[in-house]
(Lines of atoms letter the chains of each structure in order from A and count residues from 1; the text may use other names and numbers.)
(Lines give C-alpha, C1' and ligand atoms only; values in the text may rest on other atoms or scores of the structure.)
Protein backbone atom coordinates (compact mmCIF):
# COMPACT_ATOMS: atom_id res chain seq x y z
CA UNK A 1 0.00 0.00 0.00
CA UNK A 2 1.89 3.01 -1.27
CA UNK A 3 0.71 6.48 -0.31
CA UNK A 4 1.10 9.93 -1.82
CA UNK A 5 3.17 12.34 0.29
CA UNK A 6 0.79 15.21 -0.39
CA UNK A 7 -2.12 13.36 1.18
CA UNK A 8 -0.34 11.59 4.03
CA UNK A 9 -0.15 13.33 7.39
CA UNK A 10 2.46 12.92 10.11
CA UNK A 11 -0.20 11.19 12.24
CA UNK A 12 -0.99 8.72 9.44
CA UNK A 13 2.68 7.82 9.05
CA UNK A 14 3.02 7.42 12.83
CA UNK A 15 -0.08 5.18 12.91
CA UNK A 16 1.34 3.02 10.13
CA UNK A 17 4.72 2.71 11.87
CA UNK A 18 2.97 1.82 15.13
CA UNK A 19 0.78 -0.80 13.43
CA UNK A 20 3.80 -2.26 11.66
CA UNK A 21 5.80 -2.56 14.90
CA UNK A 22 2.86 -4.23 16.65
CA UNK A 23 2.40 -6.72 13.80
CA UNK A 24 6.06 -7.49 13.10
CA UNK A 25 7.46 -7.53 16.62
CA UNK A 26 4.41 -8.12 18.83
CA UNK A 27 4.97 -4.88 20.72
CA UNK A 28 2.27 -3.18 22.77
CA UNK A 29 0.77 -0.23 20.88
CA UNK A 30 0.86 1.88 24.06
CA UNK A 31 4.65 1.44 24.24
CA UNK A 32 5.11 2.96 20.78
CA UNK A 33 5.29 6.68 21.46
CA UNK A 34 7.14 9.33 19.41
CA UNK A 35 9.92 9.57 22.01
CA UNK A 36 10.35 5.78 22.42
CA UNK A 37 13.87 4.66 21.54
CA UNK A 38 13.96 1.72 19.14
CA UNK A 39 16.84 -0.19 20.67
CA UNK A 40 16.63 0.73 24.35
CA UNK A 41 12.87 1.06 24.94
CA UNK A 42 11.40 -1.27 22.32
CA UNK A 43 14.20 -3.85 22.12
CA UNK A 44 14.43 -3.63 18.31
CA UNK A 45 17.70 -5.17 17.12
CA UNK A 46 19.52 -4.64 13.83
CA UNK A 47 17.78 -7.58 12.14
CA UNK A 48 14.40 -6.19 13.23
CA UNK A 49 15.42 -2.80 11.88
CA UNK A 50 16.08 -4.35 8.46
CA UNK A 51 12.62 -5.96 8.52
CA UNK A 52 11.11 -2.60 9.40
CA UNK A 53 12.92 -0.85 6.53
CA UNK A 54 11.75 -3.53 4.06
CA UNK A 55 8.15 -2.97 5.16
CA UNK A 56 8.53 0.83 4.97
CA UNK A 57 9.85 0.46 1.43
CA UNK A 58 6.58 -1.25 0.51
CA UNK A 59 4.59 1.43 2.34
CA UNK A 60 6.33 4.35 0.63
CA UNK A 61 6.82 2.71 -2.75
CA UNK A 62 10.30 4.21 -2.77
CA UNK A 63 13.80 2.82 -2.72
CA UNK A 64 15.35 3.30 0.70
CA UNK A 65 18.99 4.18 1.10
CA UNK A 66 20.33 2.65 4.33
CA UNK A 67 22.01 6.00 5.09
CA UNK A 68 18.51 7.52 5.43
CA UNK A 69 18.00 5.41 8.54
CA UNK A 70 21.49 5.47 10.11
CA UNK A 71 20.65 8.32 12.48
CA UNK A 72 17.22 6.95 13.40
CA UNK A 73 16.95 6.35 17.14
CA UNK A 74 13.32 7.04 18.10
CA UNK A 75 9.88 6.38 16.67
CA UNK A 76 9.64 10.06 15.73
CA UNK A 77 12.94 9.74 13.82
CA UNK A 78 11.42 6.85 11.84
CA UNK A 79 8.29 8.87 11.04
CA UNK A 80 10.37 11.87 9.94
CA UNK A 81 12.61 9.66 7.76
CA UNK A 82 9.54 8.15 6.08
CA UNK A 83 8.10 11.61 5.47
CA UNK A 84 11.37 12.73 3.85
CA UNK A 85 11.33 9.63 1.62
CA UNK A 86 7.79 10.33 0.52
CA UNK A 87 8.68 13.88 -0.48
CA UNK A 88 11.34 12.75 -2.96
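Numbering (the working numbering), first residue to last: 78 to 165. For each residue, glycine too, the CB sits at the ideal point set by N, CA and C.
Worksheet item: Using the beta-carbon count (16 or more within 10 Å), is residue 95 buried or exposed?
Response: The residue given as residue 95 occupies position 18 in the chain shown. Burial is judged here by how many other beta carbons sit within 10 angstroms of a residue's own beta carbon; residue 95 has at least 16 and is buried.
Item to complete: Tell me, to the nearest whole angstrom, how far the beta carbon of residue 90 is from that of residue 156; I am working on the premise that it is less than 8 Å.
Response: For the purposes of this step, residue 90 is identified with residue 13 of the chain shown, where counting begins at 1. For the purposes of this step, residue 156 is identified with residue 79 of the chain shown, where counting begins at 1. About 5 Å; that satisfies the 8 Å criterion.
Worksheet item: Going by DSSP, which residues form a beta bridge with residue 151?
Response: Here residue 151 is taken as the residue at index 74 of the chain shown, counted from 1. The secondary-structure analysis by DSSP pairs residue 151 across a beta bridge with 114.
Worksheet item: Does the distance from the C-beta atom of residue 87 to that of residue 132 stay below 8 Å?
Response: The count along the chain shown starts at 1 and reaches residue 87 at position 10. The count along the chain shown starts at 1 and reaches residue 132 at position 55. In this structure, residue 132 does not lie closer than 8 Å to residue 87 by Cβ.
Worksheet item: Which value, in whole angstroms, describes the spacing of the CA atoms of residue 136 and residue 122?
Response: Working through the chain shown from its first residue, we reach residue 136 at position 59. Working through the chain shown from its first residue, we reach residue 122 at position 45. Rounded to the nearest angstrom, the two C-alpha atoms are 21 Å apart.
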